[in-house]
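Residue numbers (the working numbering): 23 to 314.
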């Protein structure tokens with residue numbers, strides 16, 4: 023098993039491809055962007071013009087797209103992967119979509135003799151590019167064992183979170199509620215400190231060496247202090263979409279989500295006012311709120 027495909031070569035998918043190539047896998051890729059395809063070719067990837075080409079030449083295919091409709095089309099469409107992958111091969115669903123959408127894909131693939139691993143990722147742009155992602159993999163142990171080398175090529179940690187498709191997406195939904203809340207709280211704290219006359223460096227030095235320290239909070243605070251609100255690899259549209267999934271799941275399960283709901287309001291305002299911004303842009307939203 024040395025032939026691997028990647029559909030979706032954006033910030034995350036290009037990182038998957040980069041590390042697959044680095045680890046000796048012959049990697050075929052497809053993206054709608056000519057610039058992304060050019061960059062993929064320059065890193066040593068084999069370009070595909072169609073989903074069919076990816077399927078025919080792959081034993082495993084990573085699907086790294088933005089939403090469930092795209093994933094369904096790529097996997098199940100008239101000329102989707104299921105129509106062209108050979109029996110015994112696998113689709114590794116690394117996109118973050120609704121658990122119910124992942125389950126729908128699994129049901130549709132049931133009689134195809136093509137496997138599905140539900141494995142969303144965490145680690146952002148840097149994790150993808152550096153091969154240090156965390157994978158939340160759901161699938162039967164035998165299946166995960168067989169395709170573990172390909173998943174380990176793009177990650178630092180592969181967690182087996184369950185045997186049923188949808189469980190990977192559920193873990194990711196829970197994770198994003200925490201990440202979104204941390205970013206929102208860090209943004210609020212930074213504005214409070216600034217309006218009280220404190221330097222950002224002081225806040226960072228204290229936060230990063232305290233019990234509140236975390237990679238998420240530290241990264242957010244660094245970007246806020248440096249006023250880096252765009253092109254950091256963490257576009258606000260992603261966390262907005264992910265929190266929508268989380269809150270939708272919470273609604274289905276009758277779970278109150280006070281913290282992440284509040285965070286979502288800030289991201290909603292951020293994506294409305296600054297659609298090109300990254301996660302930290304919500305700091306500007308908070309800064310601009312004026313008391314009557």
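Glycine included, every Cβ here is placed at the ideal spot set by N, Cα and C.
Query	Result
Any idea what DSSP makes of residue 68, helix, strand or coil?	strand
With the cut-off set at 8 Å, would you say residue 146 and residue 120 are in Cβ contact?	no
How would you label residue 142, buried or exposed, when you count the other beta carbons within 10 angstroms and need 16 or more for buried?	buried
Could you tell me the boundaries of the alpha helix (DSSP H) in which residue 205 lies?	189-217
According to DSSP, simplified to helix, strand and coil, what is residue 108?	coil
Find the nearest neighbour of residue 48 within the set 144, 263 and 172, judged by alpha-carbon distance.	172
State the start and end residues of the unbroken beta strand (DSSP E) segment that holds residue 177.	177-184
Is it buried or exposed for residue 183, if we count other Cβ within 10 angstroms and need 16 for buried?	buried
When we look at the beta-carbon of residue 287 and count the other beta-carbons within 10 Å, is it buried (16 or more) or exposed?	exposed
Would you kindly check if the distance between the Cβ of residue 161 and the Cβ of residue 136 is under 8 Å?	no
Assign residue 55 to buried or exposed, taking buried as 16 or more other Cβ atoms, counted over all protein chains shown, within 10 Å of its Cβ.	exposed
Based on Cα-Cα distance, which residue from 32, 27, 130 and 41 lies nearest to residue 107?	27
Compare the Cα-Cα distances from residue 79 to each of 104, 168 and 214 and report the closest residue.	104
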